[in-house]
Amino acid sequence: MHHRQFDGGYLLRFEKGESVTDVFHAFLKEKGVEFGYFSAIGPLQGATFGFYRLDIKDYVRHEIREEVEVASWSGNVSLRDGEPYAHTHAVFGKMDGTTLGGHVFDAVVGATLELVLNVLPGTVERRMDEEIGLALLCP
Ligand code: ZN
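In the numbering used here, the protein residues as written are 4 to 142.
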């Protein structure tokens with residue numbers, strides 16, 4: 004992954020074959036990002052995403068094992084258990100023009116993935132909400 008810093012954030016260009024989740028979280032930790040938001044576009048080799056079922060407090064997981072285009076990718080950065088956490092949702096476009104989408108667990112970069120990260124001042128944490136079953140943002 005290559006990056007460049009700008010006033011208020013970064014441009015990140017992920018490389019073919021990289022795990023977006025691993026590389027992005029390592030970057031956020033290295034740069035000490037504690038609050039922000041991002042968007043990205045680009046082709047992927049595959050992805051793992053999910054749909055959160057509130058009734059069972061767990062995700063239904065889906066795996067994409069083909070090339071897809073990221074039609075939309077957005078999320079926010081906060082602290083979870085003291086570490087930067089990127090909460091990401093995306094829409095994936097398939098070759099036949101149909102789409103899939105949801106909460107992103109991980110994705111493997113295809114030709115490239117272009118991500119713009121806006122870093123905001125301050126710190127926002129997530130804490131476990133037992134009723135919901137997720138670590139929710141604490142404004
Ligand atoms: Zn989510």
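Every residue gets a Cβ at the ideal spot worked out from N, C-alpha and C, and that includes glycine.
Unbroken stretches of the alpha helix (DSSP H), 4 residues or longer, contained in the region 56-128: none
Asp10, DSSP secondary structure in three states: To locate residue 10, count along the sequence shown from 1; it is residue 7. Asp10: coil per DSSP, three-state reduction.
contact_flag[the region 101-121, the region 39-54] where n(CB pairs < 8 Å) is 3 or more: Enough Cβ pairs lie closer than 8 Å, so yes.
Cβ-based burial, Leu57 [other Cβ within 10 Å; buried from 16]: Numbered from 1 along the sequence shown, position 54 holds the residue referred to as residue 57. Its Cβ having fewer than 16 others within 10 Å, Leu57 is exposed.
Contact belief for Leu15 with Ala89 at Cβ below 8 Å, rounded distance in angstroms: Here residue 15 is taken as the residue at index 12 of the sequence shown, counted from 1. Here residue 89 is taken as the residue at index 86 of the sequence shown, counted from 1. With 8 Å as the limit, Leu15 and Ala89 do not qualify as a contact, their Cβ atoms being about 11 Å apart.
Close beta carbons around Cys141, own chain, < 6 Å, minus the five adjacent residues each side: On the sequence shown, position 138 is the one that residue 141 refers to. Cβ neighbours of Cys141 beyond the five flanking positions: Glu128, Arg130.
Residues near Val111 in its chain [Cβ-Cβ closer than 8 Å; skip 5 each side]: What you label residue 111 is simply residue 108 of the sequence shown in a count that begins at 1. Around Val111: Gly20, Glu21, Ser22, Val23, Leu47, Gln48, Gly49, Ala50.
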